[in-house]
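**Student:**
Residue numbers (my numbering): 16 to 526.
1) Roughly how many angstroms lie between the CA atoms of residue 163 and residue 190, to the nearest whole one?
2) Counting Cβ pairs closer than 8 Å, one from the segment 229-242 and one from the segment 271-286, do we hit at least three?
3) Tell me the residue span of the beta strand (DSSP E) that contains residue 356.
4) Are the CB atoms of residue 226 and residue 197 nearer to each other than 8 Å?
5) Note down the Cα distance separating residue 287 from residue 219, rounded to an integer number of angstroms.
6) Excluding five sequence neighbours on each side, which residues of the same chain lie with their C-beta closer than 7 Å to the C-beta of residue 36?
7) Let me know the secondary structure DSSP gives residue 36 once reduced to three states.
8) Judging by CA-CA distance, which residue of 110, 207 and 301 is the nearest neighbour of residue 362?
9) Hey, is the segment 383-392 in contact with the segment 440-453, meaning 3+ C-beta pairs nearer than 8 Å?
10) Here's a check: name, in chain order, each residue in its chain whose Cβ is nearer than 6 Å to the Cβ of residue 216, leaving out the five neighbours to either side.
11) Looking at residue 195 and residue 158, is the spacing between their C-beta atoms short of 8 Å?
12) If you scan the segment 133-216 from start to end, which runs of the alpha helix (DSSP H) of 4 or more residues do you find wholly inside it?
13) Shortest alpha-carbon distance to residue 366 belongs to which of 144, 327 and 389?
14) State whether the segment 132-140 contacts the segment 78-86, with contact taken as three or more CB pairs (one from each stretch) at a distance under 8 Å.
15) Excluding the 5 residues flanking residue 359 on each side, which residues of the same chain have their C-beta closer than 7 Å to its C-beta?
16) Residue 91 to residue 111, Cα distance in whole Å?
17) Output yes or no for whether 8 Å exceeds the beta carbon distance between residue 116 and residue 144.
18) How would you call residue 398, buried or exposed, if buried means at least 16 neighbouring beta carbons within 10 angstroms?
19) Between the C-alpha atoms of residue 290 and residue 259, what's the straight-line distance to the nearest angstrom?
20) Does the distance from the C-beta atom of residue 481 to that of residue 467 stay below 8 Å?
21) So, are the CB atoms of residue 389 and residue 406 less than 8 Å apart?
22) Quick one: measure Cβ to Cβ for residue 42 and residue 68, integer angstroms, because I've assumed they're closer than 8 Å.
23) Return helix, strand or coil for residue 382, following the three-state DSSP convention.
24) What do you get for residue 354, buried or exposed, if any count of 16 or more other CB atoms within 10 angstroms of its CB means buried?
25) Cβ atoms of residue 419 and residue 8: under 8 Å apart, would you say?
This is the structure we're talking about:
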């Protein structure tokens with residue numbers, strides 16, 4: 016075991032009446048023993064002592080702690096020898112930790128080493144390299160690898176590590192991974208539910224399913240923490256929509272059972288998973304009073320009707336949430352882009368299972384559309400994109416119309432929006448919303464060539480050119496040409512969707 020020792024011995028030479036106090040001793044020299052790769056200067060740096068410094072016990076103790084916390088040593092012993100002339104020599108006896116120079120992984124086939132390292136990095140786990148070997152750190156990596164495999168469905172995976180000598184001061188760490196196979200969910204049961212049957216609750220889960228005729232393959236029959244967290248929220252919502260606002264969903268109890276426990280390999284044991292979900296349903300609540308708070312722009316009475324709730328009926332969180340969404344949309348479509356809603360409820364005192372609900376509304380200021388600019392249209396003219404918007408600069412912001420306009424721009428076919436196409440810049444002082452719409456030009460031209468032979472026309476060649484965005488104006492141009500021994504064919508078509516910049520489609524063809 017690693018020894019943690021601190022020994023400071025001051026051997027004072029016996030003198031007559033005038034003995035030198037320890038606090039007055041001066042360091043004559045510092046001697047480091049046992050160091051292999053580290054210099055005296057490095058050790059002295061961490062210790063914080065130099066020759067001609069006074070010898071202070073507390074300062075030496077602090078220096079020892081700094082040495083130990085550096086992680087460079089397995090053992091540290093500090094001694095002081097008094098020379099009898101007011102000076103001492105400090106001896107620092109150390110055993111250096113070996114350095115980890117290489118970390119290898121063996122047995123990982125389902126998760127490649129590069130992917131495994133990336134996932135460890137996402138967990139904040141750094142692979143040691145050219146750093147002192149610390150067993151605790153290696154065990155943290157071992158546990159993190161297990162977490163990665165658990166999250167990928169390989170919950171029976173076994174991880175171990177061993178250390179190999181490269182030299183007396185350098186080590187190689189090898190993690191051995193027995194991946195086994197993906198563990199499928201054989202059953203999902205619930206404990207404590209009395210109102211709703213297991214089959215009903217299982218149907219609430221969207222990402223976590225038990226293996227059966229309907230779900231025989233796929234990720235849903237493999238347990239992951241992310242999927243479980245989402246489905247636990249779905250289960251809370253299910254109960255909340257039926258008035259069970261006190262419902263408690265516990266952590267799942269997971270049991271792995273081997274189908275072939277005596278098999279030679281982990282994979283052949285074919286583990287399956289049984290999940291039990293603890294549930295405390297509580298009692299359903301009924302709705303007491305329902306009120307709107309904070310509404311000034313729109314009348315509270317009108318907003319209340321949006322919710323379609325009545326006193327005395329079973330509390331339904333879904334109805335409240337849907338009503339709040341409609342209220343928010345109403346404000347956002349009227350220029351109040353900062354508007355938001357929040358539900359607060361309180362159990363009615365003196366009456367069992369009655370809840371009074373208040374929806375608080377923050378309206379904010381009313382904003383107009385400021386600058387509308389497009390980024391990435393190197394060929395398409397601004398006005399071609401701008402004319403698809405049914406809201407103009409200076410008008411009050413209407414998010415529904417704005418979103419529909421963005422959809423129309425994306426449907427043009429020659430300018431595709433980026434994955435996150437909108438940049439909003441809110442000018443609170445002038446109550447304006449400036450918007451950048453980002454996209455990229457996509458293939459707008461179609462060119463075809465061909466040749467053939469027929470008894471009527473003999474040998475012929477043909478070519479065709481079509482563009483959906485001629486000269487960046489959003490107009491369609493088509494040219495067709497066929498030349499043969501006996502006959503030639505030509506056609507030209509042109510379509511302008513906004514004739515004279517108005518919503519008038521004008522087109523024609525010449526043969």
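For each residue, glycine too, the CB sits at the ideal point set by N, CA and C.
**Tutor:** Straight from the coordinates:
1) So the alpha carbons of these two residues sit roughly 14 Å apart.
2) With a cut-off of 8 Å on Cβ pairs, the segment 229-242 is not in contact with the segment 271-286, counting fewer than three such pairs.
3) Judged by DSSP secondary structure, residue 356 falls within the beta strand (DSSP E) whose first and last residues are 355-362.
4) Taking 8 Å as the Cβ cut-off, residue 226 and residue 197 do not qualify as a contacting pair.
5) Spanning the two alpha carbons is a distance of roughly 22 Å.
6) Below a pLDDT of 50, predicted positions are generally treated as unreliable, and residue 36, at 45, falls in that range; no measurement from the model is reported.
7) The predicted position of residue 36 is uncertain, since its pLDDT is 45 and thus under 50; a value taken from the coordinates is nonetheless stated next. Correct three-state label for residue 36: coil.
8) Residue 362 has its Cα closest to that of 301, out of 110, 207 and 301.
9) Judged by Cβ distances under 8 Å, the segment 383-392 makes contact with the segment 440-453, as three or more pairs qualify.
10) 205.
11) No, these two residues do not count as a Cβ contact at 8 Å.
12) The segment 133-216 contains, as complete alpha helix (DSSP H) runs of 4+ residues, the segments 150-166 (chain order).
13) Ranking the options by Cα distance to residue 366, first place goes to 327.
14) When C-beta atoms of the segment 132-140 are compared with those of the segment 78-86, fewer than three pairs fall below 8 Å, so the two segments do not count as touching.
15) Once the five neighbours on either side are set aside, the close Cβ partners of residue 359 are 373 and 375.
16) Straight-line Cα distance between these residues: approximately 9 Å.
17) Yes.
18) Taking every protein chain shown into account, the CB of residue 398 has fewer than 16 other CB atoms within 10 angstroms, so this residue is exposed.
19) Taking C-alpha positions only, residue 290 is separated from residue 259 by approximately 23 Å.
20) No, the pair does not count as a contact, with Cβ atoms beyond the cut-off.
21) In this structure, residue 406 does not lie closer than 8 Å to residue 389 by Cβ.
22) Between residue 42 and residue 68 a beta carbon distance of about 5 Å is seen, short of the 8 Å cut, so the two are scored as contacting.
23) In the displayed model, residue 382 falls within coil according to three-state DSSP, outside both helix and strand.
24) Residue 354 is buried by the Cβ-count criterion.
25) No answer is possible for residue 8: the residues shown for the chain start at 16 and end at 526.
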